[in-house]
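Visitor: Just passing along the structure, written as structure tokens.
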Amino acid sequence: MAKDNILIVDDLPANLQFLNSILVERGYQVRPAINGQVALKIAQKTLPDLILLDIQMPGMNGYEVCEQLKANDKTHKIPIMFISALSEVFDKVKAFAVGGVDYITKPFQAEEVLARVETHLKIHHLQQQLAEQNERFKAENVRMKAELDVSRRLQKMLLPTKTELKQIDGLDIAGFMEPADEIGGDYYDVLQHNGRVLMGIGDVTGHGLESGALAIMVQSSIRTLLANNETDPVKFFSALNQMVYHNVERMKVQKDLTLVLVDYQQNQLYLSGQHEEMIVVRNGEVELIDTVDLGFPLGLEEDIADFVAETKVSLNQGDVVALYTDGITEAENIDGQMYGLERLCEVVKQNWQRTAEEIQQAVIGDVRQFIGEQQVFDDIALLVLKQK
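Written as structure tokens, this is what we have:
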């Protein structure tokens, strides 16, 4: 390890000789300067780790030397210890005001000088290490932000567009998804396949990159299963659960997923999978469809076939269905109160005669108004369907 480099500045040769001898004996590399001008040139040529600086010198005093060093981008971080015969409080205060880190009054003891030198060198090196670590963190943050941005854009690309939703026959559909972090574990999807409309909304536990990555895997797997005409609820959820279960094992994370699959055919909804209660509004009246007995969280058990079931819900013209994740109902305001299912139902009920897009906007607007400036701690997803 390289020895620390110390610059000593004093106009008296006897002081320079004494300081040089005790510091060299302790193993430091020492460079002496007889005045301030010489000290500035030496410091610019090779940065010292520490400067011991006298105050009373001809031409340029120690305060002026310190001010010039602190005003220079190259030398402003060098710790400067003043050593002076001046003992008034005013002199000491001024020394610290111009940027000094310590003040030793002459005559001084060798052990005192060495102890303080060692202390300030340790502090200086710790500050250097901290600065280097901060730079590494900044670079790592830039890299992670870029990766998260790619993941976020990928996740958004997988969501159905408004144009795609408008092309769905028989239903007016609007969706919304907002992650608590750059990438979230909530998602929704809508597919039109062989005369059927297949919709899903899911919630991976937690949020952030791991949850978002698993959500993307799930969404891709669902599309693959549906493209292969696998719509039998038991087979569908069993296959999807196997994927989630083994990927969670491989990722060595504790994640699971609640998911509801809605199969729409000719004014009928076939519902399977465990998720939040589904809201149905008919002629301004609210009905809640419990999904707790329609499935099991994906990824917790290797085989969930025995838990999967299906129920049917008939829709009439104007009926509204709202599917959502708990990021909405569990959103908290500044007083720690939750938004709640009751308030969500009320907003959907009050707006049921409007378009799906307007209902979705009313819900999200009300959630934002409720939480105010409070930070959102969970991802939010909402899917609104309205029978044409």
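For the sequence shown, our numbering gives the first residue as 22, with consecutive numbering after it.
C-beta: ideal position from N, C-alpha, C; glycine also.
These figures come from a predicted structure and were not determined experimentally.
1) Using the Cα positions of G339 and G305, report the straight-line distance between them to the nearest angstrom.
2) Let me check one thing: in DSSP terms, what residues is I29 bridge-paired to?
3) Looking only at C-alpha atoms, which of A118, D347, I125 sits nearest to S108?
4) The alpha helix (DSSP H) that contains A383, what's its start and end?
5) In angstroms with no decimal places, state the Cα-to-Cα distance between Q148 and I101.
6) Evaluate the contact criterion for the segment 62-77 versus the segment 130-142: three or more CB pairs, one atom per stretch, below 8 Å.
7) Measuring straight from C-alpha to C-alpha, what distance separates A383 and L362?
8) With three or more C-beta pairs closer than 8 Å as the rule, is the segment 281-293 touching the segment 243-263?
9) Taking the alpha-carbon positions, what's the A64 to L37 distance?
10) On a Cα-Cα basis, can you pick out the residue from H267, S335, K127 that is closest to Q275?
11) With distances taken from CA atoms, which of T184, Y345, V313, Q263 is nearest A330?
12) Could I get the ranges of all uninterrupted beta strand (DSSP E) runs contained in the segment 226-314, with 3 residues as the minimum, in chain order?
13) With DSSP as the reference, label G348 as helix, strand or coil.
14) Is K333 helix, strand or coil by DSSP?
15) By DSSP, does L180 sit in helix, in strand, or in coil?
16) Count the other CB atoms within 10 Å of the CB of M78; is the residue buried (16 or more) or exposed (fewer)?
17) Apart from the five residues just before and just after Q411, which ones in its own chain have a Cβ nearer than 6 Å to its Cβ?
18) What residue range is occupied by the uninterrupted alpha helix (DSSP H) comprising D112?
19) To which residues of the same chain is D224 closer than 6 Å at the C-beta, ignoring the five residues directly before and after it?
20) Excluding the five sequence neighbours on either side, which residues of its own chain have a C-beta within less than 6 Å of the C-beta of E308, listed in chain order?
21) With a Cβ-Cβ cutoff of 8 Å, do V281 and I325 count as a contact?
22) Looking at the unbroken beta strand (DSSP E) that takes in G48, where does it start and where does it end?
23) Among the candidates V283, E199, V269, V368, whose CA atom is the shortest distance from the CA of L219?
24) In terms of residue numbering, what span does the beta strand (DSSP E) encompassing Y360 cover?
25) What does the alpha-carbon distance come out to for the pair G196 and L180?
26) Verify whether the separation of the beta carbon atoms of T350 and L365 is less than 8 Å.
27) Whose CA, out of S259, E231, G216, lies closest to the CA of M165?
28) Verify whether the separation of the beta carbon atoms of G80 and F103 is less than 8 Å.
29) Can you tell me which residues form a DSSP beta bridge with A152?
30) Measuring CA to CA, which of Q390, K187, A106 is closest to V211?
31) What residues in its chain sit with their C-beta under 6 Å from that of K407, if we drop five residues either side in the sequence?
32) Measuring alpha carbon to alpha carbon, tell me which of V388, R217, W373 ends up nearest Q358.
33) Quick one: what's D343 bridged to in DSSP?
34) Among D311, Q289, N288, Q287, whose alpha-carbon lies nearest the alpha-carbon of E298?
Guide: According to the structure data:
1) The alpha-carbon atoms of G339 and G305 are separated by roughly 10 Å.
2) The partner list for I29 (beta bridge, DSSP) reads P53, L73.
3) Here the closest residue by C-alpha is I125.
4) Counting along the chain, the alpha helix (DSSP H) containing A383 begins and ends at 377-392.
5) 14 Å
6) The count of Cβ pairs closer than 8 Å, one atom from the segment 62-77 and one from the segment 130-142, reaches three, so the stretches are in contact.
7) 15 Å
8) yes
9) 17 Å
10) When each option's Cα is compared against that of Q275, the closest is H267.
11) V313
12) 278-286, 289-293, 299-303, 306-310
13) helix
14) strand
15) coil
16) buried
17) Look at the range of the chain in this structure, 22 to 409, and you will see that residue 411 is not part of it.
18) 110-118
19) D207, T279, T346
20) V301
21) Result no, Cβ atoms of V281 and I325 do not sit closer than 8 Å.
22) That residue, G48, is in no beta strand (DSSP E); it is neither H nor E in DSSP.
23) V283
24) Membership of Y360 in any beta strand (DSSP E) is not indicated, and neither H nor E is assigned to it by DSSP.
25) In this structure, the alpha-carbon of G196 lies about 9 Å from that of L180.
26) For the pair T350 and L365, the CB atoms are nearer than the 8 Å cut-off.
27) Nearest neighbour of M165 by Cα position, chosen from S259, E231, G216, turns out to be E231.
28) no
29) According to DSSP, A152 bridges with nothing at all.
30) K187
31) D193, V341, A377
32) V388
33) According to the sequence as given, residue 343 is Ala; it is not Asp. Answer is I300, V405, bridged to A343.
34) D311
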